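Notes follow the structure.
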Amino acid sequence: MKKMENKIAIVTGAAMGNGKGIAEVLAKHGATTILLDVSKQVHDTAKELTERGFETMALEVDVTNNEDVKAGIDKVIEKYERIDALINNAGVVRLANFEDMDDETRDFHFNININGVWNVTKATLPHMKKAKQGRIVNLSSVTGTMVADPGETAYATTKAAILGFTKSLAREVAPDNITVNAILPGYVLTPMAEQMAKETNPDNPQEVIDGIASGVPLGRLGKIEEVGELAAFLASDESSYITGTQIVIDGGSTLPETVSVGS
């Protein structure tokens, strides 16, 4: 039996990138995937999965809009009657130095990266509590929680906040047999990463990617599918005794270095 067989799993930000990859892995493991995204492209992603023989449902939902989220979750319950797993993947990043950052850029990060997770979780949780079971997986990052980079103050703040949310909620919902965990990806080759490389070096973005890979102990960037496999594990019954924790998937990038002094 596949680890996600007969499971109903929601993935936010599922039109492309990490979200699309996570949805594909969940589907491969037997899940019925519910794809949420503000982009119309989510329907194309759902069509791809359907054509490959997977059960899926696409919903255009703005995770920052509470009414939009509630309406989307209601449609899921109306059709499937339950939600077994929620993968809060939707997230954004815009590079901007703190002193130069305008309020719109700050709010852009906070509304999607924090409020989006809050809204979808709050709309989903009552249905999990009613069923006395559920898996919530939040996508955080090593940025803001373990490392820091210039120009990512807003992004780092939101991703660090996700850890506090994960741990606190895990405590609250444990009596209902609901687990809440966070994934902290390092450098993963996503469309977002490729776009940032282009912004950093428009003439040779590959040079940026190669430079990043050279600093990873495993010598490469992560694959979207690898993040998906970790999400599938945390969304399955195999992780039933894991809650309130964070799992780093970064190729060893955040490992502390050993400095030899003397001989």
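With this note's numbering applied, the sequence shown has no gaps in its numbers, which climb one by one up to 263 at the end. By construction, the Cβ of each residue, glycine as well, lies at the ideal position given by its N, Cα and C atoms. Keep in mind the model is a prediction, meaning the values are calculated, not measured.
Look at the alpha carbon of residue i and the alpha carbon of residue j, and state the distance between them as a whole number of angstroms.
i	j	result
F233	I22	11 Å
N113	K159	7 Å
T32	A9	6 Å
G228	N18	8 Å
I247	I183	5 Å
K79	R220	42 Å
M196	M146	20 Å
V264	A148	In the structure as shown, the chain begins at 1 and stops at 263. Residue 264 is therefore absent and cannot be evaluated.
Just confirm the distance between the C-beta atoms of residue i and residue j, as a whole number of angstroms; I'd bet it's less than 8 Å.
i	j	result
N97	P150	7 Å
V11	L35	6 Å
V42	A15	4 Å
V92	F108	6 Å
D62	D68	5 Å
A170	T179	7 Å
I77	H127	6 Å
Excluding the 5 residues preceding and the 5 following residue i in the sequence, name in chain order all residues of the same chain whose CB lies nearer than 6 Å to its CB.
i	result
L95	G151
N177	K132 and Q133
S39	A15
Let's test the definition: count the other Cβ atoms within 10 Å of the Cβ of residue i and tell me whether it reaches 16, buried, or not, exposed.
i	result
P185	buried
N6	exposed
M1	exposed
Y241	exposed
K47	exposed
Can you check whether the CB of residue j is closer than 8 Å to the CB of residue i?
i	j	result
T56	A27	yes
Apart from the five residues just before and just after residue i, which ones in its own chain have a Cβ nearer than 8 Å to its Cβ?
i	result
G252	V216, P217 and L218
For residue i, which residues from the same chain have a beta carbon less than 7 Å from its beta carbon, with the 5 sequence-adjacent residues on both sides left out?
i	result
K20	A14 and T45
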